[in-house]
Ligand code: S3P
């Protein structure tokens, strides 16, 4: 029998039992005025683990995200012979240098749900003269790994992918790598980053022309004074990376994740007379598409206490709910900076006056679940009309949206962002919701529901 979790109001707080497989939400959330902290940035956490594993010496982090994706990265570098010490507060990684991995032939690495880990680690293994097998969970095993096997093959790596496209894959690297010229056309930071890591292991200069995407890898390389050069053009970046011999240890206090904060930014936008401050969030310009889009839709958002930290920009985010929301014809220049936030942004479009239009978003269907399709599915379930194509969605907003029926969300490949978007919809729009696969939040944001609880107190 499936166990369910009931989110009911118990003297204005939510009652959450231990780790059930689904939750039930029956009540809208009341307006709030709060300050919260969300967990550490997932992209930066995984990069910190990988860079520390190839640094020359001991690196420490604070506020590392404790989620399954990051724990999978730690397990992976441990399998590669790197010592890691994880305590309640800190994580310490004893890096052995760029060629310091030590492991047996036919090593198996499980990237679980994480595309970032799965793709980036391949870049670090390009010089492996031992066979390696990379696996992932059901969702990751449906995702495209040809997009990264293709450029890495040009360095001299040999790959065997399931159906020439997916995991599990087998690979063997080369002791005689050749630098490549690579045009990254999808706007994938994972592919770009993987090729940068491979370039760090390769004699000569690897040249990358990359469509705009998050640039945490480049910023880390710059901060560590690695042999990288970056030219920012209007629509793409030109990156040159040379063979790297020494990487200094990297002590890092990881800022909060705007992709996790986005759920609460949207909740605040949808609950009248509410205000929220989210402390010390990474506001790297390549990540703030959600802020730009929501501001255009009428939400009041400001950054406070902006600070620069190791090449990254962090700030407190203050959000105030607006009186009304406007539809948006979303400029495609915001797409890459909001790529993980569209599902929850669609909820704002559902409540806005007019028809919103989001286009050139084929990449959304390449995520943990086909998210463009799931966006439409959730909206249709709550009575919002959509017109969906392979790469776009039109959303017919209804400012008077109220839900009185039962909504069940299941079979979505346990995509954490589908789960969290559904919770935000339930708390904002009402209705009786049953949302399956609660554990999906473990991949990116394990304390998501306890923050929801705090907002109700
Ligand atoms: C990420 C890049 C993006 C993003 C993912 C994290 C990263 O994926 O969707 O959640 O950390 O580099 P793509 O590179 O596939 O666009």
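In this note's numbering, the protein residues as written are 66 to 522.
Idealized CB from N, CA, C, for every residue including glycine.
Residue pairing from DSSP places residue 237 in a beta bridge opposite 223. Going by DSSP, residue 125 is part of the beta strand (DSSP E) stretching over 121-127. For residue 419, the closest of 464, 197, 425, 406 by C-alpha to C-alpha distance is 464. With a cutoff of 9 Å on beta-carbon distance, residue 233 and residue 264 are scored as not near each other. Each residue's CA atom was taken as its position, placing residue 282 and residue 112 some 7 Å apart. Taking the C-beta atoms as reference points, residue 239 is found no nearer than 9 Å to residue 224. The C-beta of residue 320 has 16 or more other C-beta atoms within 10 Å across all chains shown, which makes the residue buried. Distance from the CA atom of residue 468 to the CA atom of residue 136, rounded to whole angstroms, is 38 Å. Setting aside the 5 residues that flank it on each side, residue 175 is surrounded in the same chain by 200, each with a C-beta closer than 6 Å to its C-beta; the list follows chain order. Bounds of any beta strand (DSSP E) do not take in residue 103, whose DSSP letter is neither H nor E. Annotation for residue 256 indicates a beta carbon within 8 Å of some heavy atom of the ligand S3P. Note: residue 256 is not bridge-paired with any residue in the DSSP secondary-structure output. Between the C-alpha atoms of residue 474 and residue 502 there is a straight-line separation of about 9 Å.
Residue 396 counts as exposed, since fewer than 16 other beta carbons sit within 10 angstroms of its beta carbon.
At least 9 Å separates the beta-carbon of residue 212 from that of residue 278. Counting along the chain, residue 160 sits inside the beta strand (DSSP E) bounded by residues 155-161.
Judged by their CB atoms, residue 391 and residue 363 are nearer to each other than the 9 Å cut-off. For residue 303, the enclosing beta strand (DSSP E) starts and ends at 301-307.
Rounded to whole angstroms, the separation of the alpha carbons of residue 153 and residue 101 is 20 Å. In this structure, the straight-line span from the alpha carbon of residue 311 to that of residue 214 is close to 26 Å.
Per DSSP, residue 330 lies in no beta strand (DSSP E) segment; the continuous alpha helix (DSSP H) that holds it begins and ends at 323-335. For residue 421, the secondary structure class from DSSP, reduced to helix, strand or coil, is strand. Residue 458 and residue 409 have their C-alpha atoms roughly 14 Å apart.
Proximity to residue 203 across 389, 177, 210, 217 peaks at 177, based on C-alpha coordinates.
Counting every other CB atom within 10 Å of its CB across the protein chains shown gives residue 490 a total of 16 or more, marking it as buried. Under DSSP, residue 275 shares a beta bridge with 249, 302. With contact defined as three or more Cβ pairs closer than 8 Å, the region 379-394 and the region 428-435 are not in contact.
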